[in-house]
Structure formats: structure tokens, C-alpha cells
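Working notes, structure below.
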Amino acid sequence: MEVIFHYATDLLATIIGVHLYLRSRNKDLIREEYRIYIIIGALIGALIFSRLIAAFENPELFLNPPNYFYYFSGKTIIGGIVGGILGIEIAKKVLGIKVWTGNRALVPLIVAIIIGRIGCFVAGVQDGTVGGVCNYFWCLEQGDGLLRHPNSLYEITFLLLFLVGYYFAKKSTYPTIIFLVETPGIAFRTFIILYFSLRFGIEFLKD
Numbered sequence: 003m004e005v006i007f008h009y010a011t012d013l014l015a016t017i018i019g020v021h022l023y024l025r026s027r028n029k030d031l032i033r034e035e036y037r038i039y040i041i042i043g044a045l046i047g048a049l050i051f052s053r054l055i056a057a058f059e060n061p062e063l064f065l066n067p068p069n070y071f072y073y074f075s076g077k078t079i080i081g082g083i084v085g086g087i088l089g090i091e092i093a094k095k096v097l098g099i100k101v102w103t104g105n106r107a108l109v110p111l112i113v114a115i116i117i118g119r120i121g122c123f124v125a126g127v128q129d130g131t132v133g134g135v136c137n138y139f140w141c142l143e144q145g146d147g148l149l150r151h152p153n154s155l156y157e158i159t160f161l162l163l164f165l166v167g168y169y170f171a172k173k174s175t176y177p178t179i180i181f182l183v184e185t186p187g188i189a190f191r192t193f194i195i196l197y198f199s200l201r202f203g204i205e206f207l208k209d
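For the record, in the sequence shown the residue sitting at position 131 is 133 according to the working numbering, with numbers rising by one throughout.
Here you go:
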């Protein structure tokens with residue numbers, strides 16, 4: 003049941019992410035008729051690279067999966083983000099778009115990751131993203147009887163704090179903060195750097 007819920011949250015994350023992107027109030031210079039191609043590029047790139055990075059993580063399992071369903075389930079969020087960015091850039095190149103477009107995708111991406119990480123948390127140890135054994139008061143039992151780092155909750159906490167900080171930055175009157183949130187692409191690149199750094203650190207909390 004937990005695994006099915008995880009797949010459902012992945013699908014829900016994609017649907018809500020696309021919806022928020024289309025309804026976003028962060029304006030960019032892309033013509034509306036081109037926007038669907040940007041979305042298609044992002045989805046195809048994310049689909050391919052999320053599976054490709056998962057294959058590099060465990061090539062033996064990728065070449066000899068227990069069943070074909072593995073190819074739909076084996077994925078990584080980092081690969082998905084990298085692939086999504088590359089897919090968008092390829093689509094922009096084909097369409098002749100030369101402006102930065104990341105800020106519009108920032109909030110939809112964060113919300114989609116939060117939804118996906120809720121699925122990871124519910125799936126517990128079956129998902130493969132749980133942390134190593136620990137004995138701090140916040141460590142949780144996640145399906146195998148051992149107290150472990152709740153890596154998914156660490157990520158969700160970071161993402162929520164970033165969203166709150168981004169919201170207040172948008173309301174700020176300080177020139178430096180306005181530059182960071184309003185200049186095309188700056189806020190998105192800042193998030194990617196911070197999030198990838200967080201993910202790198204979380205790897206050390208795994209078994």
C-alpha cells in the first residue's frame with residue numbers, strides 16, 4: 003500500500019507542478035503558445051535522466067531487474083531535476099528562446115518535490131531514501147524496527163523554509179534582495195545550488 007501511495011504522490015506532484023507553472027504569477031518573456039513545449043521538454047528530460055542516474059547508481063540491478071516494473075520505479079530526484087533543466091534548455095534552443103526562465107518554475111518545482119518526498123516518507127525503508135540508524139530524539143522508526151534519520155523530513159523542512167524565505171523576499175523593499183528574487187533565473191539557480199548541496203550532505207546520513 004505504501005509503494006502504491008508513493009507512485010500516486012509522484013503522479014500528483016507532476017500534475018500539480020505543471021498546473022502551478024501554468025498559473026504562476028512570475029512573468030517571463032516566453033510566448034504562451036511556446037510554454038507547452040517547455041513543459042514537454044522538462045517532462046521528457048526528467049523522465050530520461052531520473053532513470054539514467056538510477057541506472058548508474060546500481061547498474062547490476064538496472065541490467066538485471068526483478069521485473070520490468072523496476073524501470074518505472076527506479077528513479078532519482080536529482081536526475082529528474084538535471085534532466086528537466088536540460089530538456090527545457092533543448093526546447094528553448096529549438097524555439098530560439100534566449101531569456102532566463104527558471105524563476106517561473108521555482109515554486110512549482112519546490113511544491114512538486116515536497117509532495118514527492120511525502121511519498122518517500124510514507125514508503126519508508128522500501129523507498130531506499132531513509133537515513134542511517136541514529137538515536138537522536140527526532141529519529142524515527144520507518145518500517146524495519148530501527149530508529150533512522152528521517153531524510154525526507156529534512157528535505158521537506160528545508161523546502162518549506164526556502165518557500166517562506168522566498169515569499170518574504172518577494173515582499174522585501176531592500177534592493178539586494180529584490181535583485182535576487184526578481185532578476186530572471188537568479189532565484190532558481192540559488193535554489194538549485196542550495197538544494198543540491200543539501201542532498202550531497204544527506205548522502206552522509208545514509209547507511
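Note that CB positions come from ideal geometry on N, CA and C, so glycine has one too. Owing to the predicted nature of the structure, the values given are computational and were not obtained by experimental measurement.
1) Express the C-alpha separation of residue 155 and residue 34 in angstroms, rounding to a whole number.
2) Relative to the alpha-carbon of residue 31, which residue among 14, 100, 188, 47 has its alpha-carbon at the smallest distance?
3) In the DSSP output, what is residue 135 paired with across the bridge?
4) Could you give the C-beta distance for residue 80 and residue 198, rounded to a whole number, given that I count them as a contact under 8 Å?
5) Name the one or two DSSP bridge partners that residue 1 has.
6) For my contact list, residue 7 and residue 124 are in at a C-beta cut-off of 8 Å; report their separation, rounded to the angstrom.
7) Which term fits residue 163, buried or exposed, when burial requires 16 or more other beta carbons within 10 angstroms of its beta carbon?
8) Using a Cβ-Cβ cutoff of less than 8 Å, which residues in the same chain neighbour residue 143 once the five nearest sequence positions on both sides are dropped?
9) Where does residue 100 fall in DSSP's three states?
10) Using the Cβ count rule (16 or more neighbours within 10 Å means buried), how would you classify residue 273?
11) Give the DSSP-derived three-state secondary structure of residue 170 in the structure shown.
12) Who are the Cβ neighbours of residue 120 in its own chain at under 8 Å, not counting the five residues just before and after it?
13) Note the first and the last residue of the continuous alpha helix (DSSP H) segment covering residue 43.
14) Are the region 89-97 and the region 35-46 touching by the rule of at least three beta carbon pairs closer than 8 Å?
15) Give me the Cβ distance between residue 134 and residue 208, rounded to the nearest whole Å; I'm assuming they're in contact under 8 Å.
Let me lay it out:
1) Within the sequence shown, residue 34 is the residue found at index 32, counting from 1. Within the sequence shown, residue 155 is the residue found at index 153, counting from 1. Roughly 36 Å between the two C-alpha positions.
2) Along the sequence shown, one-based indexing puts residue 31 at 29. Residue 31 has its Cα closest to that of 100, out of 14, 100, 188, 47.
3) Along the sequence shown, read from residue 1 onward, the residue named residue 135 stands at position 133. Residue 135 is bridged to 150.
4) For this step, residue 80 is matched to residue 78 along the sequence shown. For this step, residue 198 is matched to residue 196 along the sequence shown. Between residue 198 and residue 80 the Cβ distance is about 7 Å, and since that is below 8 Å, they are a contact.
5) Since the first residue shown for the chain is 3 and the last is 209, residue 1 is missing from the structure and cannot be characterised.
6) Reading the sequence shown from its first residue, position 5 is the one you call residue 7. Reading the sequence shown from its first residue, position 122 is the one you call residue 124. Between residue 124 and residue 7 the Cβ distance is about 5 Å, and since that is below 8 Å, they are a contact.
7) Your numbering for residue 163 matches position 161 in the sequence shown. Exposed: under 16 other Cβ atoms inside 10 Å.
8) Here residue 143 is taken as the residue at index 141 of the sequence shown, counted from 1. So the list reads 149, 150, once near-sequence residues are dropped.
9) One-based indexing of the sequence shown puts residue 100 at position 98. Note: residue 100 maps to coil in three-state DSSP.
10) In this structure the chain extends from 3 to 209, so residue 273 is not present and cannot be described.
11) Working through the sequence shown from its first residue, we reach residue 170 at position 168. Here residue 170 sits in helix by DSSP.
12) The residue labelled residue 120 in the question sits at position 118 within the sequence shown. Here the set comprises 11, 154, 158.
13) Against the sequence shown, residue 43 aligns to sequence position 41. Unbroken alpha helix (DSSP H) run through residue 43: 34-59.
14) yes
15) As a working note, residue 134 is residue 132 in the sequence shown. As a working note, residue 208 is residue 206 in the sequence shown. The Cβ separation is near 6 Å, so the contact holds.
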